[in-house]
Amino acid sequence: MQRITISHGSGGKVTHELINGLFVKHFKNNILDKKEDSAVFELAKIRRVAFTTDSYVVKPIFFPGGDIGKLAVCGTVNDIAVSGASPKYISSAFIIEEGFAVSDLERIVKSMALWAGKAGVKIVAGDTKVVEKKEADGIFINTSGIGVFEKDIICGVEKIRIGDKIIISGTIGDHGVAILKERQGLSFKSRIESDAAPLGGMIGKIMEKTNGVKFMRDPTRGGVATTLNEIIRGSNMGILIEEEKIPVAKEVRAACELLGLDPLYIANEGKVMIIVDPKEEKKVLTILKGHEYGKNAQTIGDVAHRYPGKVCLKTKYGVTRIIDMLTGEQLPRIC
Amino acid sequence: MFKFVDEYRDKDLCRRLAEGIIGISKKPFTIMEVCGGHTMSIRKNGIHKLIGSNIKLVSGPGCPVCVTSQKDIDKAIALARLNNVVVCTFGDMVDVPGTSVTLAEVKAEKGNVRVVYSVQDVLSFAKNEPDKHFVFIGIGFETTAPTIAAAIMQAKAEKIKNFSVLALNKTMPAALKAVLEDKDAKINALISPGHVSTITGTGIYKFIVDDLRISCCVAGFEPADILRAIYLLAELRENNKVSLINAYERAVKENGNEKAKYIMYEVFDSADAEWRGFGVIPASGLRIRKEFADLDAEKIFKIDVGASKEIKGCICGDILRGIKEPKNCKLFGQKCTPMKPQGACMVSSEGTCAAWYKYGE
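For the protein sequence lines, the chains are A and B, in the order given. Residue 7 is where the first sequence starts when you use the working numbering, and the numbers rise one by one after that. Residue 39 is where the second sequence starts when you use the working numbering, and the numbers rise one by one after that.
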């Protein structure tokens, strides 16, 4: 089997072979093909851009429903999309452990190319470093991305008002549980797959067709509970969500029961949480439900004047309790 | 959808049970839920807010991480500091503050602390990495002891030399006696731990009913299980009766799990043990029998940690004895939070303080 060696990261001939034979081959586009030190492209007519970066260290690197490459593209695309911008260009930097199988690298690169295509972004810049055996665990990927605002809308927590609705675009906890299931070797009859998906298209449609979106975020690490807390902390408003309205796939629920986990705290990689004006709630839900990544979208609660700065859950027994942020690590290296 | 889960979470059933409890409970009444699992379920589902004002629920000493003494935690930390030793433990243990550091801090420094879901994982590590010695920190009650005992037996049979157990395991009856005989605690009834009872059977509570005249109800962990237990205990109380009830019939038998008990006592011997908040309770712990001494980390490493120091102002001990509540602690929510826990009741996911903090009062 062909393996990555230190010379693949040396910057010499072997590095060039890897770059041309793998990265440029699969990521192919007019900007990257120039192979300059920086990707050069037009953003001149655009007033505002969104820029983000994220590193991916997920373990295992291949898991049901995705792989580290798909995650590296979707994660960065989604971070741009939830700001209200439309994702355009991303960079990808690889840190690879000596001895890594080239076939695995190719599988990852192909996956990145596939999902970049689906997300409508170009991978225009990159870097490769190889470190000695045991100095890294297989492969780590960093992606940065740029998006542009097509419409003059600014989303932000400051726009949130009492009465606004909280929508989640589908079932929660799928990604975290899929990873955990792989790690723990749990076997269930039905498959649990990561929900990793590029949400730029779906969110773009919402931005285009509606006007009432106040704030969006993708509830990744820490899950929906942590994301809601981040939004409302320090505010004089509170958030009340209803246990019975939160969509959880039955396999995910079963795994959580077994492992003593709460789906509200588990990572998602293909979900968006939208805080929207109640007047536009139905419209947003209709768009989400009409999209392949939003079929199970649901309004889970609203912004309330009670419980300032806190997130509360109405249990199915009618009792209200606090939903705190995730403290410590529920599970390391899930993305 | 989930057999044995959904029906015990049924909204209408729970509502009827709660109404029933409010209807029959006329006298003020303190029930201790012994197990941390019960505490979490009560707080998570808000059961304490459904049952009216006459019944007070207090948490007991049934969170294994919480009752582990400072000295024992220091021992685990001392083991993790040794060269070539990997300490393996259930997740909650890593953040419990020792006298100077936590296992999490040793992990960050030396990288030789691993979180496991099962002692079986540790046997796999030992087989795959023969150059290291793996110590499993055995905590828990009768629920976890049989699987740890089975792993010790397996290691002996398979001649696995680089595996040992630091047995900090505890048993319930003597601790319950200590709690209930404490004049400060004033407990009127017990919700007995469901998981422990699956192993031990209901017999271990007989002395509480017969000698101490306190009712016990073994319960499962779903809302309807707990509400039903409270209802049954309230009914006994109103009728001035004392009795032992098994309300977890689907899992608990009168004699428990004979095979598990047999394995447990093949490997372990009853011993005195130190409990946080209680001090040493006679015959309340488990010690590895001398036939398995070469798998006993205590014997192999002969660690001496010297004097341990408990955190000043922390009232975990009183909380574990059911005398005080987290809100009585001046550290609670201020200096002591899940981010920076001072006492064990805040560290463990099943700890009383963690439950209060996480789910609010």
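Using N, Cα and C, we set each Cβ at its ideal position, and we do this for glycine too.
Exercise for review: With 7 Å as the threshold, decide whether the Cβ of residue 397 of chain B is near any Cβ in chain A.
Suggested key: So yes, residue 397 of chain B belongs to the interface.
Point to revise | Residue range of the unbroken beta strand (DSSP E) whose run includes residue 93 of chain B | key: Run containing residue 93 of chain B: 93-100, per the beta strand (DSSP E) assignment.
Review point. Going straight from the alpha carbon of residue 269 of chain B to that of residue 89 of chain B, what length do you get?
Key: Between residue 269 of chain B and residue 89 of chain B, the C-alpha separation is close to 9 Å.
Review point. Does the separation of the CB atoms of residue 443 of chain B and residue 113 of chain A fall below 7 Å?
Key: Lying outside 39 to 399, the shown extent of chain B, residue 443 of chain B is not represented and no answer is given.
Exercise for review: Would you grab the beta carbon distance between residue 339 of chain B and residue 324 of chain B for me? Rounded to a whole angstrom, and I think it's under 8 Å.
Suggested key: In this structure residue 339 of chain B does not touch residue 324 of chain B by the C-beta definition: roughly 18 Å separates them, more than the 8 Å allowed.
**Study point:** heavy atom of the ligand MN below 6 Å from residue 222 of chain A C-beta
**Key:** Because no ligand of any kind appears in the structure shown, any question about the ligand MN cannot be addressed here.
Review point. Among the residues of its own chain, which have a CB less than 7 Å from the CB of residue 188 of chain B, if the five just before and after it don't count?
Key: The answer, listed in chain order, is 301.
Point to revise | Minimum C-alpha distance to residue 190 of chain A - residue among A:16, A:155, A:213 and A:69 | key: Distance from the Cα of residue 190 of chain A is smallest, within the candidate group A:16, A:155, A:213 and A:69, for A:69.
**Study point:** Delimiting residues of the beta strand (DSSP E) encompassing residue 132 of chain A
**Key:** Per DSSP, residue 132 of chain A belongs to the beta strand (DSSP E) from 128-137.
**Study point:** Three-state secondary structure assigned by DSSP to residue 118 of chain A
**Key:** DSSP places residue 118 of chain A in helix when its eight states are reduced to three.
Review point. If you check the beta carbons only, do residue 157 of chain A and residue 213 of chain A fall under 7 Å apart?
Key: The answer is yes: Cβ separation under 7 Å.
Check your understanding: Out of curiosity, what's the CA-to-CA distance linking residue 301 of chain A and residue 159 of chain A?
Key -> In this structure, the straight-line span from the alpha carbon of residue 301 of chain A to that of residue 159 of chain A is close to 25 Å.
Practice item. Determine the direct distance from the alpha carbon of residue 241 of chain A to that of residue 162 of chain A, and round the result to whole angstroms. Key: For residue 162 of chain A and residue 241 of chain A, the distance between alpha carbons rounds to 13 Å.
Practice item. With DSSP as the reference, please indicate the residues paired to residue 319 of chain B in a beta bridge. Key: Partner(s): B:311.
Check your understanding: Bridge partners of residue 276 of chain B, per DSSP?
Key -> Bridge partners of residue 276 of chain B according to DSSP: none are assigned.
Exercise for review: Below 7 Å CB to CB, which residues in the same chain sit around residue 254 of chain A once its five sequence neighbours on both sides are set aside?
Suggested key: Closer than 7 Å at Cβ, skipping near neighbours: 177, 178, 179 and 269.
Practice item. Would you mind working out which of B:101, B:104, B:105 and B:72 sits nearest residue 95 of chain B, comparing C-alpha positions? Key: Residue 95 of chain B has its Cα closest to that of B:72, out of B:101, B:104, B:105 and B:72.
**Study point:** DSSP-derived helix/strand/coil call for residue 254 of chain A
**Key:** Coil, per DSSP.
Exercise for review: Spatial neighbours of residue 201 of chain B within its chain, please: CB distance less than 7 Å, with the 5 preceding and 5 following residues excluded, ordered by chain position.
Suggested key: The answer, listed in chain order, is 160, 161, 164, 172, 193 and 333.
Check your understanding: Using a beta-carbon distance below 7 Å, is residue 137 of chain A in contact with chain B?
Key -> Not one chain B Cβ lies under 7 Å of residue 137 of chain A.
Review point. List, in order along the chain, the chain B residues whose C-beta lies closer than 8 Å to that of residue 328 of chain A?
Key: What residue 328 of chain A touches in chain B, judged by beta-carbon distance under 8 Å, is 396, 397 and 398, going in chain order.
Check your understanding: How do the stretch 98-111 of chain B and the stretch 273-291 of chain B stand: do at least 3 beta-carbon pairs fall below 8 Å, yes or no?
Key -> Touching, no, given that fewer than three Cβ pairs across the two stretches are closer than 8 Å.
**Study point:** Interface partners of residue 155 of chain B on chain A, CB under 9 Å
**Key:** The contacting residues are 190 and 265.
Exercise for review: Please name the residue in A:28, A:310, A:202 and A:169 whose C-alpha comes closest to that of residue 73 of chain A.
Suggested key: That would be A:202, whose Cα lies nearest to the Cα of residue 73 of chain A.
Check your understanding: How many whole angstroms separate the CB atoms of residue 237 of chain B and residue 246 of chain B, which I take to be in contact at a CB cut-off of 8 Å?
Key -> With a beta-carbon spacing of about 17 Å, residue 237 of chain B and residue 246 of chain B fall beyond the 8 Å limit used to define contacts.
Exercise for review: Please go through the same chain and pick out, in chain order, the residues whose beta-carbon is closer than 7 Å to the beta-carbon of residue 63 of chain A, but skip the five residues on each side of it.
Suggested key: For residue 63 of chain A, the CB contacts under 7 Å within the same chain, skipping 5 residues up- and downstream, are 146 and 339 in chain order.
**Study point:** DSSP-derived helix/strand/coil call for residue 234 of chain B
**Key:** Note: residue 234 of chain B maps to helix in three-state DSSP.
Review point. Does the count of Cβ pairs from the stretch 51-60 of chain B and the stretch 245-262 of chain A closer than 8 Å reach three?
Key: Flag = no, the stretch 51-60 of chain B and the stretch 245-262 of chain A do not touch.
Review point. From residue 185 of chain B to residue 205 of chain B, what distance separates their C-alpha atoms?
Key: So the two alpha carbons sit approximately 12 Å from each other.
Check your understanding: Taking buried to mean at least 16 other C-beta atoms within 10 Å of its own C-beta, is residue 66 of chain B buried or exposed?
Key -> Flag for residue 66 of chain B reads exposed.
Check your understanding: DSSP three-state call for residue 268 of chain B: helix, strand or coil?
Key -> Note: residue 268 of chain B maps to helix in three-state DSSP.
Review point. In three-state terms, what does DSSP make of residue 383 of chain B?
Key: Here residue 383 of chain B sits in helix by DSSP.
Practice item. Check whether the stretch 166-173 of chain A touches the stretch 275-294 of chain A, taking contact to mean three or more Cβ pairs, one atom from each stretch, closer than 8 Å. Key: With a cut-off of 8 Å, the stretch 275-294 of chain A and the stretch 166-173 of chain A count as touching, because enough Cβ pairs lie within range.
Check your understanding: CB-CB under 7 Å to residue 82 of chain B, same chain, minus the five flanking residues each way: which ones, in chain order?
Key -> Taken in chain order, the residues that qualify are 397.
Exercise for review: Give me the Cα-Cα distance between residue 297 of chain A and residue 210 of chain A, rounded to the nearest whole angstrom.
Suggested key: Distance from the CA atom of residue 297 of chain A to the CA atom of residue 210 of chain A, rounded to whole angstroms, is 12 Å.
Review point. Interface residues of chain A around residue 88 of chain B at Cβ under 9 Å?
Key: Neighbours of residue 88 of chain B in chain A, taken as residues whose beta carbon is under 9 Å from its own, are 323, 324 and 325 in chain order.
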